[in-house]
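Here's the structure, in structure tokens; my notes come after.
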């Protein structure tokens, strides 16, 4: 039986180098990790946190693909030059971010209603033959047919892959995914294609790959944040369950907490970081325990609540 590739979608504020390195250490099963998008600031400079996050010296995962937010050709050109200088051979171009502060500036999913702007970005890709560029996108901004209008441009471009989230931008992450609209794109796409959107379980992976067998693989974000073992479970065809699951999740969390404690200043920053992590992690944890985690304002309170989260029986099956 064909094994499809699993790529870990970037999630802003969560999947930084500390998280990625520890995920690979404890779970694995992921064929490629992606940085949250890198963007150009004023005067062709980059945010320091973006530069640190894509520092090859800090990243120990086997394959890291930087993602860039390219709204204008000049911005994309600067990003690709910088990443080529750092030795990267693969780069992903974000045309899928749905958030208003990005899209209203004509970036991310805000690009999709403008074929001429997408075409201009794809022309830049041709200037970097040593880099394999992929595109992360959505069905459209408001109209799921927008991706079909872009398909001839995408097919003609020298792309290594396309990652298609089966929603439009205005949905953000709400509502149902549109498998019919995805299928229309799938039938005409000439590049390796990955499905993205609401993959939370092994059954979800199976359902998508059975319906779209020519897929190269799937890209998973929130599903791997909720269950970091999901890719490992797919590769091994075995669900991580019971005390073994809690033991592994506990060790992963402990080292993640320690890693952020070294990087961040003070308990407040550390708590804010870890509370964001628990917005996704182990969602079936007892609601009272999750409430205590999110209401904690001291590290001692947080640690007391977390102990309960990892007790056998506290995570509902």
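In the UniProt record's numbering, the protein residues as written are 1 to 317.
Glycine included, each C-beta is placed from N, C-alpha and C at the ideal position.
Tell me whether residue i is buried or exposed, calling it buried when 16 or more other Cβ atoms sit within 10 Å of its Cβ.
i, result
"residue 171", "buried"
"residue 307", "exposed"
"residue 33", "buried"
"residue 156", "exposed"
"residue 173", "exposed"
"residue 241", "exposed"
"residue 53", "buried"
"residue 272", "exposed"
"residue 177", "buried"
"residue 297", "exposed"
"residue 303", "exposed"
"residue 123", "exposed"
"residue 232", "buried"
"residue 100", "exposed"
"residue 20", "buried"
"residue 166", "buried"
"residue 9", "buried"
"residue 209", "buried"
"residue 74", "exposed"
Identify, in the order they occur along the chain, each residue of the same chain with its Cβ nearer than 8 Å to the Cβ of residue i, setting aside the five sequence neighbours on each side.
i, result
"residue 226", "200, 280, 281, 282, 283"
"residue 143", "113, 168"
"residue 261", "270"
"residue 134", "65, 90, 91, 92, 93, 159, 160, 161, 162, 163"
"residue 213", "2"
"residue 264", "270, 273"
"residue 305", "289, 292, 293, 296"
"residue 191", "154, 155, 159, 160, 161, 162"
"residue 218", "4, 5, 6, 7, 194, 195, 196, 199, 205, 208, 209"
Looking only at its chain, what residues have a beta carbon closer than 7 Å to the beta carbon of residue i, apart from the 5 residues adjacent to it on each side?
i, result
"residue 85", "none"
"residue 72", "none"
"residue 56", "86, 87"
"residue 41", "47"
"residue 79", "38, 40, 68, 70"
Whole-angstrom Cβ separation of residue i and residue j, contact assumed at under 8 Å?
i, j, result
"residue 331", "residue 126", "Nothing about residue 331 can be reported from this structure: the residues present for the chain run from 1 to 317 only."
"residue 203", "residue 312", "Not confirmed; about 24 Å, so no contact."
"residue 162", "residue 193", "5 Å"
"residue 139", "residue 146", "7 Å"
"residue 24", "residue 61", "5 Å"
"residue 111", "residue 104", "With 8 Å as the limit, residue 111 and residue 104 do not qualify as a contact, their Cβ atoms being about 12 Å apart."
"residue 184", "residue 148", "6 Å"
"residue 22", "residue 256", "5 Å"
"residue 211", "residue 179", "7 Å"
Using alpha carbons as the reference points, say which of the options lies closest to residue i.
i, options, result
"residue 120", "271, 224, 87, 76", "76"
"residue 98", "122, 106, 185", "106"
"residue 7", "116, 117, 293, 164", "164"
"residue 132", "69, 188, 92", "92"
"residue 63", "5, 78, 96", "5"
"residue 58", "35, 29, 166", "35"
"residue 2", "237, 301, 256, 292", "237"
"residue 27", "292, 252, 256", "252"
"residue 13", "277, 289, 205, 55", "277"
"residue 95", "115, 82, 78, 29", "115"
"residue 102", "15, 70, 208, 191", "70"
"residue 152", "189, 128, 206", "189"
"residue 222", "235, 210, 197, 216", "197"
"residue 216", "207, 195, 228", "195"
"residue 230", "29, 15, 16", "29"
"residue 31", "235, 181, 205", "235"
"residue 15", "254, 228, 206, 205", "228"
"residue 129", "81, 150, 175", "81"
Just to confirm my understanding: we take residue i, look at its own chain, exclude 5 residues before and 5 after, and list those with CB closer than 6 Å. What are they?
i, result
"residue 50", "38"
"residue 317", "Below a pLDDT of 50, predicted positions are generally treated as unreliable, and residue 317, at 43, falls in that range; the measurement from the model is reported next regardless. Correct list: empty, nothing qualifies."
"residue 259", "18"
"residue 275", "294"
"residue 267", "299"
"residue 310", "246, 250"
"residue 83", "66, 91"
"residue 206", "none"
"residue 11", "221"
"residue 181", "139, 144"
Please find out if some non-hydrogen atom of the ligand SAH comes closer than 7 Å to the beta-carbon of residue i.
i, result
"residue 156", "This structure lacks the ligand SAH, and indeed carries no ligand of any kind."
Under 8 Å between C-beta atoms, does residue i make it to chain B?
i, result
"residue 1", "The structure shown contains no chain B; it is built from a single protein chain."
Stretch pair the stretch 36 to 48 + the stretch 245 to 256: three plus CB contacts closer than 8 Å: They do not touch, by the three-pair rule.
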